[in-house]
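Trainee: Numbering (my numbering), first residue to last: 2 to 97. Pasting in a structure now, in structure tokens, and then I'll have a few things to ask.
So this is what it looks like as structure tokens:
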């Protein structure tokens, strides 16, 4: 997911891209919004920009090996965590 593909959220996209470009990010970010607001897309675009080998000042390239792996969700440094209920439930069931 590239920043240019995230619909709306211009202030959040600008802030996150400035953080990545300046290499000054906090150790954790919480993106909070109502369901369907695009929080996952924005988080994925931020992670992709961080992992990109040839990023520009405002977005990932989308073509390097890291971007291709991140866009498929198979990059070894990209992990997803979803809330689960029960001791035997894992986040993998929620990924699709």
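Here a beta-carbon is modelled for each residue, glycine too, at the ideal position from N, C-alpha and C. Source: prediction; values computed, not measured.
1) Which value, in whole angstroms, describes the spacing of the CA atoms of residue 71 and residue 91?
2) Rank 61, 35, 37 and 20 by C-alpha distance to the C-alpha of residue 29 and give the top, closest one.
3) Taking residue 4 as the reference, give the member of 83, 50 and 37 with the closest Cα.
4) Give the single residue among 58, 27, 44 and 62 whose Cα lies nearest to the Cα of residue 8.
5) Cα separation between residue 58 and residue 88?
6) Just curious, the alpha helix (DSSP H) that residue 73 is in, first and last residue?
7) From 15, 66 and 86, pick the residue whose C-alpha is nearest to that of residue 47; which is it?
8) Going by DSSP, what residue range makes up the alpha helix (DSSP H) through residue 61?
Mentor: According to the structure data:
1) 21 Å
2) Checking every option, the nearest Cα to that of residue 29 belongs to 20.
3) 50
4) Nearest to residue 8 by alpha-carbon distance, out of 58, 27, 44 and 62, is 44.
5) So the alpha carbons of these two residues sit roughly 43 Å apart.
6) 66–73
7) For residue 47, the closest alpha carbon among the candidates 15, 66 and 86 is that of 15.
8) From DSSP, residue 61 is part of no alpha helix (DSSP H); its letter is neither H nor E.
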